[in-house]
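Engineer: Have a look at the structure that comes next, please.
In this note's numbering, the protein residues as written are 2 to 389.
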């Protein structure tokens with residue numbers, strides 16, 4: 002049972018309504034949370050949160066869910082209001098789409114590979130087909146979609162409207178993306194870098210749930226980092242924070258697409274791994290082929306992942322020394338390699354990072370695998386969608 006919040010004036014009633022909104026916003030962005038987590042997210046006193054939750058449960062706006070144990074271990078979640086949101090992960094070679102209700106429940110998914118030369122109009126047409134598929138599967142109309150969250154593998158300006166680098170997806174450079182999507186789909190759209198949204202996805206649904214200081218590393222065609230500090234995405238002065246793929250590993254190394262030599266991407270990205278694999282793998286092999294071979298004991302494939310992990314570990318040691326996160330999550334295409342990539346990264350991290358930084362550091366593979374970014378895009382859409 003939805004109800005309207007009173008936000009008029011400076012009365013006690015208005016203050017309560019504002020606090021209710023803070024609680025609902027925390028649940029919209031973070032998914033199901035305990036009352037202790039809500040208190041931390043909103044900076045509201047535990048007693049205030051308890052009173053608000055009790056009132057919202059009574060009104061049918063939120064509900065008590067799974068009990069995690071202890072006096073404050075019960076999860077609180079939003080009762081689904083009418084409508085849905087869509088998360089889209091538009092990559093260099095893939096498209097993923099997830100349809101969610103307003104309670105963070107995924108109700109339909111679609112995905113497809115993209116040709117290397119895909120452009121803006123091609124992408125819009127492909128997204129159209131994917132939206133048709135997920136809405137049909139869920140038995141809803143397009144008009145039920147209230148907002149779209151979009152993940153793009155490029156830095157996004159601080160206004161979160163345009164790509165600031167044309168190196169990855171040049172045909173999208175300079176375009177006001179929310180405006181384009183509004184014109185084409187008629188739906189409010191919000192955009193962010195895919196690594197940022199990968200960090201959010203893992204924080205809401207995956208390995209980093211409950212953490213406020215997170216570094217998420219996405220290794221795919223490129224390498225990027227999503228950084229969450231104090232519970233908020235850190236974007237840097239121009240929106241380009243997290244470009245870990247262009248940390249110099251070998252100043253005499255191969256040329257990188259950014260114009261420098263020996264960047265991390267030249268030695269640890271998926272294309273670099275596939276190039277190194279050519280002498281021992283047939284033409285057309287994929288990173289999945291290499292990972293599967295390594296899991297079956299192929300010495301060459303195992304060595305490729307070991308060497309990649311070492312290079313990633315060197316770059317990550319520099320990053321954790323600077324940022325001091327509580328958890329590092331490895332995502333993207335390499336996350337499916339599990340311990341074959343996690344263990345060499347962990348060894349180098351422990352060896353190269355300051356002891357005080359790694360003493361309590363957790364390092365995990367992404368629990369959401371390659372879905373981290375699309376689920377982060379769902380969370381982005383939910384954050385911008387009124388819940389009641």
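Glycine included, every Cβ here is placed at the ideal spot set by N, Cα and C.
Owing to the predicted nature of the structure, the values given are computational and were not obtained by experimental measurement.
1) Is residue 283 buried or exposed, if buried means 16 or more other CB atoms sit within 10 Å of its CB?
2) In whole angstroms, what is the alpha-carbon distance linking residue 107 and residue 83?
3) Quick one: measure Cβ to Cβ for residue 377 and residue 218, integer angstroms, because I've assumed they're closer than 8 Å.
4) Spatial neighbours of residue 20 within its chain, please: CB distance less than 7 Å, with the 5 preceding and 5 following residues excluded, ordered by chain position.
5) Could you compute how far the alpha carbon of residue 51 sits from the alpha carbon of residue 36?
6) Can residue 375 and residue 97 be called in contact, C-beta distance under 8 Å?
7) CB residue 28 to CB residue 77, shorter than 8 Å?
8) Quick one: what does DSSP say residue 390 is sitting in, helix, strand or coil?
9) For residue 355, report the span of its beta strand (DSSP E) as first-last.
10) Examine the Cβ distances between the segment 202-219 and the segment 361-368 and report whether three or more of them are shorter than 8 Å.
11) Is it the case that the segment 123-138 contacts the segment 155-168, given that we only count it when at least three CB pairs across the two stretches are under 8 Å?
12) Starting from the C-beta of residue 220, find all residues in its chain whose C-beta is less than 6 Å away, skip the five residues before and the five after it, and write them out in chain order.
13) Which two residues bound the contiguous alpha helix (DSSP H) that contains residue 185?
14) Hey, residue 188 and residue 213: beta-carbon distance below 8 Å or not?
15) I'd like to confirm the pairing. Which residues does DSSP put opposite residue 219 in its beta bridges?
16) In whole angstroms, give me the CA-to-CA distance for residue 328 and residue 318.
17) Should residue 150 and residue 381 be called a contact, given that it needs their Cβ atoms to be closer than 8 Å?
18) Please state whether the Cβ-Cβ distance between residue 159 and residue 240 is less than 8 Å.
19) Compute the Euclidean distance between the alpha carbons of residue 215 and residue 200, then round it to the nearest angstrom.
20) What does the Cβ neighbour count give for residue 16, buried or exposed, with the cut at 16 atoms within 10 Å?
21) Please classify residue 1 as buried or exposed, where buried requires at least 16 other C-beta atoms within 10 Å of its C-beta.
22) To the nearest whole angstrom, what separates the beta carbons of residue 295 and residue 286, a pair I think is in contact under 8 Å?
23) If I measure Cβ to Cβ from residue 72 and keep anything under 7 Å in the same chain, skipping five residues before and after, which residues do I get?
24) Would you report the Cα separation of residue 346 and residue 304, rounded to the nearest angstrom?
25) What residue does the beta strand (DSSP E) around residue 194 start on, and which one ends it?
26) Check residue 62 in the structure and name its three-state DSSP category.
27) In terms of residues, what are the limits of the alpha helix (DSSP H) holding residue 268?
28) Suppose you measure from the CA of residue 320 to the CA of residue 248; what does that come to, to the nearest Å?
29) Give the secondary structure of residue 247 by DSSP, where H, G and I count as helix, E and B as strand, and everything else as coil.
30) Can you tell which of 383, 337, 93 and 265 has its C-alpha closest to the C-alpha of residue 315?
31) Determine the extent of the alpha helix (DSSP H) in which residue 127 is found, giving its start and end residues.
32) What do you get for residue 147, buried or exposed, if any count of 16 or more other CB atoms within 10 angstroms of its CB means buried?
33) Do residue 103 and residue 383 come within 8 Å of each other at the CB atom, strictly closer than that value?
34) Among 324, 275 and 325, which has the Cα closest to the Cα of residue 308?
35) How many angstroms separate the CA atom of residue 93 from the CA atom of residue 23?
36) Mind reading off the beta-carbon distance from residue 61 to residue 205? Whole number of angstroms is fine, and I expect it under 8 Å.
Structural biologist: Reading from the atomic positions:
1) To locate residue 283, count along the chain shown from 1; it is residue 282. Exposed: under 16 other Cβ atoms inside 10 Å.
2) Locating residue 107 in the chain shown gives position 106, counting from the first residue. Locating residue 83 in the chain shown gives position 82, counting from the first residue. Using only the alpha carbons, I get a separation of about 14 Å.
3) Within the chain shown, numbered from 1, the residue matching residue 377 stands at position 376. Within the chain shown, numbered from 1, the residue matching residue 218 stands at position 217. Not confirmed; about 14 Å, so no contact.
4) As a position in the chain shown, residue 20 is number 19, starting the count at 1. Excluding sequence neighbours, residue 20 sits near 45, 49 and 53.
5) In the chain shown, residue 51 corresponds to position 50, counting from 1. In the chain shown, residue 36 corresponds to position 35, counting from 1. Whole-angstrom Cα-Cα distance: 7 Å.
6) As a first step, residue 375 is located in the chain shown; it is residue number 374 there, counting from the start. As a first step, residue 97 is located in the chain shown; it is residue number 96 there, counting from the start. Residue 375 places its beta carbon less than 8 Å from that of residue 97.
7) Start at 1 with the first residue of the chain shown, and residue 28 comes out as number 27. Start at 1 with the first residue of the chain shown, and residue 77 comes out as number 76. Residue 28 places its beta carbon less than 8 Å from that of residue 77.
8) Beyond the ends of the chain as shown, which are 2 and 389, falls residue 390; an answer cannot be given.
9) The residue given as residue 355 occupies position 354 in the chain shown. Where residue 355 is concerned, there is no enclosing beta strand (DSSP E), given that its DSSP letter is neither H nor E.
10) With the cut-off at 8 Å, the segment 202-219 and the segment 361-368 touch.
11) No, the segment 155-168 does not touch the segment 123-138.
12) Translated into positions along the chain shown, residue 220 becomes position 219. Result list for residue 220: 333 and 335, in chain order.
13) Here residue 185 is taken as the residue at index 184 of the chain shown, counted from 1. From DSSP, the alpha helix (DSSP H) with residue 185 extends over 178-186.
14) The sequence position of residue 188 within the chain shown is 187, counting from 1. The sequence position of residue 213 within the chain shown is 212, counting from 1. Contact flag unset, no.
15) Locating residue 219 in the chain shown gives position 218, where the first residue counts as 1. Within the DSSP secondary-structure output, residue 219 pairs in a beta bridge with 225 and 332.
16) If you number the chain shown from 1, residue 328 lands on position 327. If you number the chain shown from 1, residue 318 lands on position 317. So the alpha carbons of these two residues sit roughly 13 Å apart.
17) For this step, residue 150 is matched to residue 149 along the chain shown. For this step, residue 381 is matched to residue 380 along the chain shown. Yes. Within cutoff.
18) By one-based count along the chain shown, residue 159 stands at place 158. By one-based count along the chain shown, residue 240 stands at place 239. Residue 240 is positioned such that its CB atom lies closer than 8 Å to that of residue 159.
19) In the chain shown, the residue the question calls residue 215 occupies position 214. In the chain shown, the residue the question calls residue 200 occupies position 199. Between the C-alpha atoms of residue 215 and residue 200 there is a straight-line separation of about 7 Å.
20) Here residue 16 refers to the residue found at position 15 of the chain shown. Counting the other Cβ atoms within 10 Å of the Cβ of residue 16 gives fewer than 16, which makes it exposed.
21) Only positions 2 to 389 of the chain appear in this structure, which leaves residue 1 out of reach.
22) Within the chain shown, the letter at position 294 stands for residue 295. Within the chain shown, the letter at position 285 stands for residue 286. Rounded, the Cβ-Cβ distance is 12 Å, inconsistent with contact.
23) Position 71 of the chain shown, counting from 1, holds the residue named residue 72. With a pLDDT of only 48 at residue 72, under the threshold of 50, the placement of this residue in the model should not be trusted, and no figure is reported.
24) Stepping through the chain shown from its first residue, residue 346 is reached at position 345. Stepping through the chain shown from its first residue, residue 304 is reached at position 303. It is roughly 13 Å from the alpha-carbon of residue 346 to the alpha-carbon of residue 304.
25) By 1-based counting over the chain shown, the position of residue 194 is 193. Bounds of the beta strand (DSSP E) holding residue 194 are 190-194.
26) Here the question's residue 62 lines up with position 61 in the chain shown. Secondary structure at residue 62: coil, using DSSP grouped into helix, strand and coil.
27) The sequence position of residue 268 within the chain shown is 267, counting from 1. In this chain, the alpha helix (DSSP H) harbouring residue 268 covers 266-269.
28) Numbered from its first residue, the chain shown carries residue 320 at position 319. Numbered from its first residue, the chain shown carries residue 248 at position 247. In this structure, the alpha-carbon of residue 320 lies about 10 Å from that of residue 248.
29) As a working note, residue 247 is residue 246 in the chain shown. Correct three-state label for residue 247: helix.
30) On the chain shown, position 314 is the one that residue 315 refers to. Nearest C-alpha to residue 315: 265.
31) Looking up residue 127 in the chain shown gives position 126. Looking at the DSSP string, the run of the alpha helix (DSSP H) that includes residue 127 is 121-139.
32) The sequence position of residue 147 within the chain shown is 146, counting from 1. Within a 10 Å sphere around the beta-carbon of residue 147 sit 16 or more other beta-carbons, which makes this residue buried.
33) The residue given as residue 383 occupies position 382 in the chain shown. The residue given as residue 103 occupies position 102 in the chain shown. Between residue 383 and residue 103, the CB-CB gap stays under 8 Å.
34) Position 307 of the chain shown, counted from the first residue, corresponds to residue 308. Ranking 324, 275 and 325 by Cα distance to residue 308 puts 275 first.
35) Residue numbering aside, residue 93 sits at position 92 when the chain shown is read from its first letter. Residue numbering aside, residue 23 sits at position 22 when the chain shown is read from its first letter. C-alpha separation (whole angstroms): 36 Å.
36) The count along the chain shown starts at 1 and reaches residue 61 at position 60. The count along the chain shown starts at 1 and reaches residue 205 at position 204. Actually they are not in contact, since the Cβ atoms of residue 61 and residue 205 sit about 23 Å apart, beyond 8 Å.
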